[in-house]
Amino acid sequence: MKFTPSYEPDKFESDIYNAWEQNGFFRPKAEDSEKFYSIVMPPPNANGNLHIGHGLTIALEDSLIRFHRLRGDKTWYVPGADHAGFETWVVYERALEKLGHSRFEYSRDELYSQVWDFVEEQRGNMELQVRALGASCSWEDLTFTLDENVVSRVYKTFEKMWNDGFIYRGEKLVNYCPKHETAFADIEVEHIDEPGFLWDLKYEIAPENTDSKNSSTPDFIVVSTTRPETLFGDEAVAVNPNDPRYKNIIGKKVKLPLTDREIPIIPDEHADPTYGSGAVKITPAHDFDDFEVGERHSLEKLRVISDNGHMLPICGERYSGLTTEECRKQVLKDLKSEGLLLGKKKITHAVAHCYKCGTVIEPTLKEQWFIDTEKLASLAISHLEKNEISFHPASKQKVLINYLKNLKDWNISRQIPWGIPIPMFKKSAEISSGTGEEVKNDSPDWIFDTRVELKEIEVAGVKYIRDEDTFDTWFSSSHWPIVCTDWTEAHGSPFYPLNVMETGADILFAWVARMIMMGLYVTGEVPFKSVYLHGLVLDEHGKKMSKSKGNVINPMSLVAKYGSDAFRLGILRGRSAGMSQAFSEQSVLSGRNLCNKLWNISRLIDSWVEDAKTPDAEETIPRPKTAYTTFNPGEDWICREIDSLKKSVEKNMKSYRFSEAVEEIYSTIWDKYADWFLESQKLYKNLPLLKATLEDILIIAHPFMPFVTEAIWQALSWTDGFLIAESWPSSLDFDPISAEEFERTKLVVSEIRRLNTVLKAQNPHYKIPPILFGDDSLVSENADLICALSKAPGISPTDGSPRGIRLALEGREVYLDVDEKTVASHRESLESHILSIGRELDALNARMTNPNYVKKAPAHLVEETRQGIKEKEALISRLKLELEVIK
RNA sequence: GGACUCUUAGCUCAGUUGGCUAGAGCGUUUCUUUGACGUAGAAAAGGUCAGAGGUUCGAGUCCUCUAGAGUCCACCA
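Residue numbering for the first sequence follows the numbering used here, starting at 117 and increasing by one per position.
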């Protein structure tokens, strides 16, 4: 294969991916069961497109997987697809609406199969995109969140919990979206501070209860509320027991406005004497606080708002059927006309919204299934406190423990058809067919049964009807590490626990917390050894991406434009764990440039290898490792640099510092390998070394830029097989003295270049002069290289009569052979150089004059400082001497 | 109200147990039509590390406070 002048990713990527997949590199062999390195992908929504967060997830996870694969671990990366219960449901419901249909036209079972088809149609799309990002995952093991084994595992857990008494049926207030007509967990509700009003309503004290003998007793009480329309459900008015204003009316009754009901005045700490009027109406069926108050005082829970947000008939003909908003207006109008509306105050308060449609959440009284989370949470906390899971960033461990300590019971019922049916059946009031016997009183109200395909079942002569609700998706998702690894009670799984769970920091509570609780509950072991949480990917201005703002960056369009590797490099660059950070196309562009650079490096080396080939001198190249020897300047140095790159990538990957790893690869390839080593090799062309070092670089870079490195591997004339299956390089041999010598040679070249640039700036007609060197073995031994790298027209010894400008480098005797005029004009820059060295010297001297430093600092530091002072002093005196000469 | 995070170059961020002259990318300026790459090469400018105090021989790094930014949790009628 021939190298084109620039790397064109779209010509290679899909072929390479297919070749990898078809050759089975993504799947660990069955017999290799000893040392697995396993990661499961947080399942992207089956019916959706990947967003930038998935792009980041795959870049992170796949680089870990590829790194470990090259290191020789049996890696196992499981892709997934999420039925995404509610998310998908919203999309589907919208599609139905567009066709002029409503979900209420269909039965639950009909809806379920419709959505199944809908998702099936869309699913391939997501999988193609995961492939395009280069994810080296085991497709045969793809798990869909509604797969048979997932459902059966979820049912098993539910049954265990039911038997353990962790599950209870409760009538409680739940967060309810009147638009979607389903309940949510607390975590799915968004609290937003909004302006609103606090109205003062006049509740008259019922006349028959007024103590006529005591005229000091007021005949009404003012209650403050933000939701006047709920007054129909009021069951009491609460005042603080310590509030002197109301002490003597506790226990009396008030007339509920617009109705003919009377409700008591009760004492409760919940009433804050400093807020509003200090008296608060209690609506147990429609407010979380009031619910609690109601429980304390055994109040009725009267529902006055329907599931879809309309007033119920109990509110009276005038209000029944109105939306809550309409009803509020009407109530306020009526109260006003009756003189019962006393005041209105602007306030800001937190209002709960549906996280999907933004509709105001209506706390609604519902019978639902709840998980008693107390034992689950404390189990999780005890393992977390033993540091059985390492967190990146570490701070999230504390955050998670704090969350678990305050965890409330978990409502797992959802009133949407798209999801896993809850396997619970309720005893029917009807007498079961045939027997004619009465229902036995001792038969349970609810029974667990997995025959969810049936609407009703019969057990011991009793008829039971299926609960129509489905599970909260997080209930099944919390089993993800268990189900993906096929963990069983009998055999466990060689992949469980996972090595790493990598996901977004935003679902630490919703998902990670629940996986830990469930993993421990089901298997007794934590589900993963490490957690890496990435932050949000923000737009280039640091703003959250959103469709409405129009600042969404689509990963696929970046892949199409710059290539998959460029995207991966761009998204990993400068990103650290847990932080929400800006991302721009610019970083992808620089990733693309690196790919092209590496491509051209390889192109050059390959052309040298090809040029050297003569028909009769066909080399026999030992694979897998090219043997090499170092002869020339820079060769030991590049071996040292690659060796240190290798070690630092190992270290960074171990501590999940992806960005640092990428940065080091970038600078080694570009600044070291291309700009110094290859430039030097233009003189020497040590082919075995060039080949060996290029191979190492390709392997080390492969986890981060898999496609271009493989494309190069395939294009090189001497390599065979696949790069993905190569093994991580062993340590390179090098002579450290020779490496250090090249470092000093670089300094000479840089200084010559810098001087030339400065002098050129002073005089546009300046031409790069020849180089002279005195008694300087480093320069004489590297003369050709220095000459070539600095583009000087020539280099020669001074023969004892130095002239021109001497380089200000310690221990060097190198001159630029320039004319007298140029020498004189250089004086100024020399003076400023002396000043800056002087400042550094002062700093070092200050340290040494401090007796405590000399006494307490480590000896090697003190010695270094002493050495530094000596060198700087020598340099200054020499520079001063040069200044004398220039005069 | 509670918890957590952040503040380092024009921008986005590194800086691991305190230790040599605080780094990178992008951007900016100057130079280079050298046959791997202009998606390039060479060079340069740019930082009182938010502020104050403390610990220390030594603080971007540890502690306290202040100011600012952000995120999450929470029932404020």
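C-beta atoms are modelled at their ideal positions from N, C-alpha and C, and glycine is treated no differently.
Item	Value
Starting from the C-beta of Pro121, find all residues in its chain whose C-beta is less than 7 Å away, skip the five residues before and the five after it, and write them out in chain order.	none
I want to know whether the region 594-604 touches the region 150-159 - three or more CB-CB distances under 8 Å.	yes
Since Ser529 sits in a beta bridge, which residues does DSSP pair it with?	Phe587
So Phe564 is in the beta strand (DSSP E); what residue range does that whole segment cover?	Trp562 to Phe564
From Pro643 to Leu685, what distance separates their C-alpha atoms?	29 Å
My guess is that Lys807 and Trp834 are in contact by the Cβ rule of under 8 Å, so how many angstroms apart are they, rounded?	6 Å
Who are the Cβ neighbours of Trp753 in its own chain at under 6 Å, not counting the five residues just before and after it?	Ala855 and Phe858
Strictly by DSSP, which residues pair up with Lys295?	According to DSSP, Lys295 bridges with nothing at all.
Could you check whether the region 800-815 touches the region 208-222, counting it as contact only if at least three pairs of C-beta atoms, one from each stretch, sit closer than 8 Å?	no
Please report the distance separating the alpha-carbon of Ser993 from that of Ile950.	9 Å
Candidates Val939, Asp302, Ala698 and Arg530: which alpha carbon is nearest Phe202's?	Arg530
How would you label Asp900, buried or exposed, when you count the other beta carbons within 10 angstroms and need 16 or more for buried?	exposed
Under DSSP, the beta strand (DSSP E) around Trp315 begins and ends at which residues?	Val305 to Glu320
At the level of alpha carbons, what is the spacing between Thr341 and Leu614?	51 Å
Just to check my reading of the structure: Val895 and Val939 have Cβ atoms closer than 8 Å, yes? What is that Cβ distance to the nearest angstrom?	No, Val895 and Val939 are not in contact; Cβ-Cβ is about 20 Å, not under 8 Å.
Grab me the residues of Pro740's own chain with a C-beta within less than 6 Å of its C-beta, minus the 5 sequence neighbours each way, in chain order.	Caution applies to Pro740, whose pLDDT of 46 falls short of 50 and renders its modelled position unreliable; the value that the coordinates give is listed next. Cβ neighbours of Pro740 beyond the five flanking positions: none.
Would you kindly work out how many angstroms separate the C-alpha atoms of Ser692 and Leu654, rounded to a whole number?	13 Å
I need the straight-line Cα distance from Arg444 to Gly171, nearest angstrom please.	46 Å
By Cβ distance, which residues of its chain are closer than 8 Å to Leu258, with the 5 residues on each side in sequence left out?	Val194, Pro195, Gly196, Ala197 and Glu243
How should Gly432 be labelled, buried or exposed, when 16 other C-beta atoms within 10 angstroms of its C-beta is the threshold for buried?	exposed
Please identify the residue among Asn670, Gly890, Ser906 and Phe141 whose C-alpha is closest to the C-alpha of Gly164.	Asn670
Measuring CB to CB, does Ile816 end up less than 8 Å from Ile781?	yes
Consult DSSP for Ala817 and reduce its assignment to one of helix, strand or coil.	helix
At which residues does the alpha helix (DSSP H) containing Ala899 begin and terminate?	Ala899 to Leu905
Which same chain residues, not among the five before or five after Val865, have their C-beta less than 7 Å away from its C-beta?	Ile902, Leu905 and Ser906
Could you name the residues that DSSP lists as bridge partners for Glu378?	Lys371
According to DSSP, Lys417 sits in a beta bridge with which residue or residues?	Looking at the DSSP assignment, Lys417 forms no beta bridge with any residue, so it has no partner.
Is the region 907-915 touching the region 872-886, taking contact as three or more C-beta pairs under 8 Å?	yes
So, Gly927 versus Leu960, is the Cβ gap smaller than 8 Å?	no
Counting C-beta neighbours from all protein chains within 10 Å, is the total for Leu977 16 or more, i.e. buried, or is it exposed?	exposed
Quick check on this structure: which residue in Cys253, Ala135, Gly658 and Gly620 has the alpha carbon closest to the alpha carbon of Arg185?	Cys253
Ser592 to Lys972, Cα distance in whole Å?	59 Å
To the nearest angstrom, how far is it from the Cα of Ile532 to the Cα of Ser130?	39 Å
Just the Cα atoms here: how many angstroms apart are Glu408 and Thr399?	10 Å
Report all residues from its chain with a CB closer than 6 Å to the CB of Ala177; omit the five preceding and five following residues, and keep chain order.	For clarity, residue 177 is Glu in the given sequence; the question names Ala instead. Correct list, in chain order: Ile155 and Glu618.
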